[in-house]
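Visitor:
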Amino acid sequence: MRDLLMQWVARNWGMFVLLAVWYIAITLFVIFSLPPFLPGHDNHNLAWYLGLAFLYSFLAQIWWNRHQKSRDR
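Per our numbering, the very first residue in the sequence shown carries number 2; after that it's consecutive.
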């Protein structure tokens, strides 16, 4: 079982790197209010954050589906 998990992680390492970069970036954005399109803390910020999170999840889903289809060929 451990070998299967290690093989799966080795095949999909790019996904883990992208997720790690995404979560680190979002954490830094929230802590330091870095992005210029999120000035201050209000409902507008929340809308931007949720919109970006939705967009990222949508793109990640498209990428994952294409990845799975290419593996099944």
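Just so you know, even glycine gets a beta-carbon here, dropped at the ideal spot from N, CA and C.
In this text the structure is predicted, and so the values were computed from the model without any measurement.
So residue 16 is in the alpha helix (DSSP H); what residue range does that whole segment cover?
Guide: 14-33 is the span of the alpha helix (DSSP H), which, as asked, contains residue 16.
Visitor: Using three-state DSSP, classify residue 2 as helix, strand or coil.
Guide: Three-state DSSP puts residue 2 in coil, outside helix and strand.
Visitor: Once you ignore the five residues that flank residue 17 on each side, which residues in its own chain have a CB closer than 8 Å to its CB?
Guide: Excluding residues within five positions, the ones whose Cβ falls inside 8 Å are 10.
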